[in-house]
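J.: In my numbering, the protein residues as written are 164 to 242. After the structure tokens below, expect a handful of questions from me.
Right, dumping it as structure tokens:
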């Protein structure tokens with residue numbers, strides 16, 4: 164995406180599952196990655212369906228998400 168121009172990036176739907184890895188580390192790494200330096204907005208798939216995709220699926224995942232957002236001016240919106 165970065166090759167397409169210098170616009171900010173919005174991720175229209177993203178999530179991670181606790182199964183098969185370390186969700187908290189995945190969240191941390193996503194926000195820390197230089198690949199997401201122009202990330203302006205995300206829409207988190209916050210559902211418990213085939214897997215628990217919710218931000219609050221574990222205390223560690225929720226803490227990682229809050230820590231990643233803490234230094235930024237963010238607006239959280241939900242249902």
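Cβ atoms here follow ideal geometry from the backbone N, Cα and C, with glycine treated the same way. Only a predicted model underlies this, so the values are computations on that prediction, with no experimental measurement involved.
Can you list, in chain order, the residues of its chain whose CB lies under 8 Å from that of residue 226, leaving out five sequence neighbours each side?
T.: 187
J.: Measuring straight from C-alpha to C-alpha, what distance separates residue 191 and residue 231?
T.: 6 Å
J.: Taking the alpha-carbon positions, what's the residue 209 to residue 197 distance?
T.: Put simply, the backbone Cα of residue 209 is about 24 Å away from that of residue 197.
J.: Just the Cα atoms here: how many angstroms apart are residue 206 and residue 181?
T.: 18 Å
J.: With 16 as the cutoff for other CB atoms within 10 Å, does residue 166 come out buried or exposed?
T.: exposed
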